[in-house]
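Here's the structure, in structure tokens; my notes come after.
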Amino acid sequence: MKMRTEGKATRNTNRSPSLRSNYVAYGLLLGSLFVLFYLMVSTQFSYSQEALLELDRAKVNSSKQAFAKVDSAETIPAKHGRNHPRQGTHEEDVSRTMEEFNREEEVAKAHTEKRRQEKQGESEQQWAQKNSIEEQSGHEMKSDNWEEKHQAEKQEAVEESKQFGGGTDDYNNVADAKPICDTSFGKYDVCELAGDTRARGGPGATVTLVSPRAPPKEWQIKPYSRKYLDGLKAVTVKSVPNPEDAPGCTTRLNIPAMVIELGGLTGNYWHDFTDVLVPLFIGARRFNGEVQLLVVNLLPFWVDRYKRIFGKISRHEIVDFESDDVVRCYPHVVVGYGSRKEFTIDPSLDETGGGYTMVDFTKFLRSAYSLPRHRSIKLGEIRPASGRLQRPRMIILERTNSRRILNLAEVIAAAEAVGFEVTVAGRPRASYDVFTREMNSFDVMVGVHGAGLTNCVFLPTGAVLLQIVPYGRLEEIARTDFGDPAGDMGLRYIEYGVTAEESSLMRVFGKEHPIIKDPAAVHMSGWGNVAEWYLAKQDLRINVQRFRPSLLQALKQLQ
């Protein structure tokens, strides 16, 4: 027994190392299999990513080849410029740029991030090219380094303000001091000089603040609402500590002054309001007429056209600042003007000094032109003179160059059939005063996207603006230029989007041409193509049956 037990113990002892070796071998085998499996999955995932990337490349290349292979009669020439900053998302097969394809490791997120950056980072100067098209509007855009540059400038100015107290010694509490010039917004600059301020005109115009608390500094300010445009003239703004460092006063006035420029895109009807009249209201209305305008690039004929507006803004003589040889001294001077959004006022962003809105601007216009109607008709109201029910009045704006309504007579008949009293108007032939009064008499304004819709500022509150948007993915542009501003004015807004079948471009190119089949690709090819084909070379033949619900909606809005 003893020997058996010892033998058994010996066998068990001899077997134990073997079992341990087997366990190690099994462990190594399983580990190897796991590593092999991991490598296979990782490789397959990498191949899948590369395959997806190749597929995306193939899609875009296919779209580009289709776009490029049309014959010379159908080819869309590349134009300089960029997409509208608020353009909607394009189809997946054309939405990515070549830059995104070079970033293979970020394929999954590059599209979304790149589109966001493009919307916020477009170049203002390139976007300004759209203004060469008749009656089109400019839009604010930023170059890629605007944000960093202006944030740095703003922080520097804030630090100086904390150190020296800024230019606020005679206007604000020093504890609430702010920088003299705000260049943080890329579209325009504004300077507020409060205290002993001296304005000297002439070719090298200067505006100088004398303040022992302000650090000696100098800015070159283009006092226009789109400072990125070519041909604008700069005014030098300075702060100096001693009176001896500033020009001596020739005349002293106890009212504020505002330095503005009338260059840029002044003369285009939409830009007259968007770039000058609305920003002027934002900057000067708080003074209630007690402000003097010092104007760079004064255009007397243009000021005369809007003399009622200028007369309401300022009760004082307008100074031709470029020809002025007098040193004018004021207690407060504003240099520059602008608005954060197109053709409207955002009281949360625009410093109006009184919380003014676009409704206040339209009330201001009605007061300036003595317009009688402050609200639109209500369906069912009785006409005082005749005792009969009033029919709501509709104005259809007729275009004569591009984006014409080819079947205008049918559109008029359709509007009359649903209950409107219709008038058609082209370019005004009467005086501007008479024209504004006529615009104020209507309850509904209908027109194809273009500068003529600017006349909606004279409509009574509660009236309807019905904008016809041409074919070519122009909805975002249309809403930015007129749709959103109309709502801010207290108007009801309706949008009718034209189909390819209603566009003259269909008959010219056919449904397989990229201009018809792929408007997103046209937008990607540059703003020049968008402006040329969808704005300058397109007319419309409205499908009146399809248009009728929009007319009924306009009627319903007046209830």
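Numbering-wise, this note's numbering puts 216 at position 204 of the sequence shown, and it's gapless, one number per residue. C-beta atoms are modelled at their ideal positions from N, C-alpha and C, and glycine is treated no differently. Predicted model, so just to flag it, every value in this text is computed and none were measured.
Check whether residue i and residue j have beta carbons under 8 Å apart
{"i": "Thr220", "j": "Val338", "result": "no"}
{"i": "Tyr508", "j": "Val469", "result": "no"}
{"i": "Phe454", "j": "Ala427", "result": "no"}
{"i": "Ser251", "j": "Ile325", "result": "no"}
{"i": "Glu273", "j": "Lys229", "result": "no"}
{"i": "Gly502", "j": "Val371", "result": "yes"}
{"i": "Tyr505", "j": "Gly495", "result": "yes"}
{"i": "Leu289", "j": "Ile321", "result": "yes"}
{"i": "Glu433", "j": "Met406", "result": "yes"}
{"i": "Pro621", "j": "Asn452", "result": "As shown, the chain starts at 13 and ends at 571. That puts residue 621 outside it, with no answer to give."}
{"i": "Val595", "j": "Ile408", "result": "This structure gives no information on residue 595, because the portion of the chain shown stretches from 13 to 571."}
{"i": "Ser237", "j": "Gly365", "result": "no"}
{"i": "His386", "j": "Thr448", "result": "no"}
{"i": "Pro268", "j": "Tyr342", "result": "yes"}
{"i": "Arg340", "j": "Ala211", "result": "yes"}
{"i": "Ile527", "j": "Trp539", "result": "no"}
{"i": "Val346", "j": "Glu524", "result": "no"}
{"i": "Thr248", "j": "Gly216", "result": "yes"}
{"i": "Ala463", "j": "Tyr240", "result": "no"}
{"i": "Glu410", "j": "Leu418", "result": "no"}
{"i": "Arg317", "j": "Tyr444", "result": "yes"}
{"i": "Ala566", "j": "Leu478", "result": "yes"}
{"i": "Gln304", "j": "His283", "result": "no"}
{"i": "Ile554", "j": "Val423", "result": "yes"}
{"i": "Arg560", "j": "Val430", "result": "yes"}
{"i": "Phe373", "j": "Ile357", "result": "yes"}
{"i": "Pro404", "j": "Ile394", "result": "no"}
{"i": "Gly279", "j": "Trp314", "result": "yes"}
{"i": "Tyr200", "j": "Gly438", "result": "no"}
As assigned by DSSP and simplified to three states, the class of residue i
{"i": "Ala566", "result": "helix"}
{"i": "Met536", "result": "helix"}
{"i": "Val510", "result": "coil"}
{"i": "Thr364", "result": "coil"}
{"i": "Arg352", "result": "coil"}
{"i": "Gly464", "result": "helix"}
{"i": "Tyr236", "result": "coil"}
{"i": "Glu433", "result": "strand"}
{"i": "Asp455", "result": "coil"}
{"i": "Ser196", "result": "coil"}
{"i": "Leu547", "result": "helix"}
{"i": "Pro359", "result": "coil"}
{"i": "His283", "result": "helix"}
{"i": "Lys121", "result": "Confidence at Lys121 is low in this model, with a pLDDT of 41, below 50, so the placement of that residue is unreliable and no value is reported for it."}
{"i": "Glu230", "result": "strand"}
Span of the alpha helix (DSSP H), counted from its first residue to its last, around residue i
{"i": "Val1", "result": "What is shown of the chain runs 13 to 571, which leaves residue 1 out entirely."}
{"i": "Pro291", "result": "290-296"}
{"i": "Tyr444", "result": "444-452"}
{"i": "Leu478", "result": "Unbroken run through Leu478 is the beta strand (DSSP E), 476-481; no alpha helix (DSSP H)."}
{"i": "Trp314", "result": "312-317"}
{"i": "Pro497", "result": "496-500"}
{"i": "Ala258", "result": "Note, Ala258: premise wrong, no alpha helix (DSSP H); not H, not E."}
{"i": "Ile389", "result": "Unbroken run through Ile389: none, as it is neither H nor E."}
{"i": "Ala490", "result": "487-490"}
Selected residue, minimal CA-CA separation from residue i, among the options
{"i": "Gly213", "options": "Leu205, Val331, Met451", "result": "Val331"}
{"i": "Ser223", "options": "Lys234, Asp208, Ala217, Leu409", "result": "Asp208"}
{"i": "Val520", "options": "Ser414, Ile357, Val510, Gln550", "result": "Gln550"}
{"i": "Ser270", "options": "His283, Gly260, Ile294", "result": "Note on residue identity: the sequence assigns Met, not Ser, to residue 270. The shortest C-alpha separation from Met270 is found at Ile294."}
{"i": "Phe355", "options": "Arg485, Leu418, Asn467", "result": "Asn467"}
{"i": "Phe333", "options": "Ala429, Arg449, Ser414, Pro235", "result": "Pro235"}
{"i": "Ser562", "options": "Leu401, Gly275, Val458, Asp362", "result": "Val458"}
{"i": "Gly367", "options": "Gln557, Ser414, Pro359", "result": "Pro359"}
{"i": "Leu391", "options": "Tyr200, Gln571, Tyr444", "result": "Gln571"}
{"i": "Arg352", "options": "Thr218, Thr369, Asp336", "result": "Thr369"}
{"i": "Pro291", "options": "Glu302, Val202, His535", "result": "Val202"}
{"i": "Arg416", "options": "Ile389, Ser516, Gln569", "result": "Ser516"}
{"i": "Asn300", "options": "Gln569, Asn541, Ala380", "result": "Ala380"}
Limits of the beta strand (DSSP E) - the one that residue i falls within
{"i": "Thr209", "result": "202-212"}
{"i": "Glu524", "result": "Run containing Glu524: none; DSSP gives neither H nor E here."}
{"i": "Pro472", "result": "No beta strand (DSSP E) contains Pro472, which DSSP labels as neither H nor E."}
{"i": "Ala269", "result": "269-273"}
{"i": "Thr218", "result": "218-222"}
{"i": "Leu409", "result": "405-409"}
{"i": "Val371", "result": "Taken as a continuous stretch (DSSP letters only), Val371 belongs to no beta strand (DSSP E), being part of the alpha helix (DSSP H) at 370-380."}
{"i": "His344", "result": "339-347"}
{"i": "Val249", "result": "247-252"}
Whole-angstrom C-beta distance between residue j and residue i, which should lie under 8 Å
{"i": "Leu552", "j": "Val510", "result": "6 Å"}
{"i": "His461", "j": "Ala498", "result": "12 Å between Cβ atoms; not a contact."}
{"i": "Ala548", "j": "Ser414", "result": "5 Å"}
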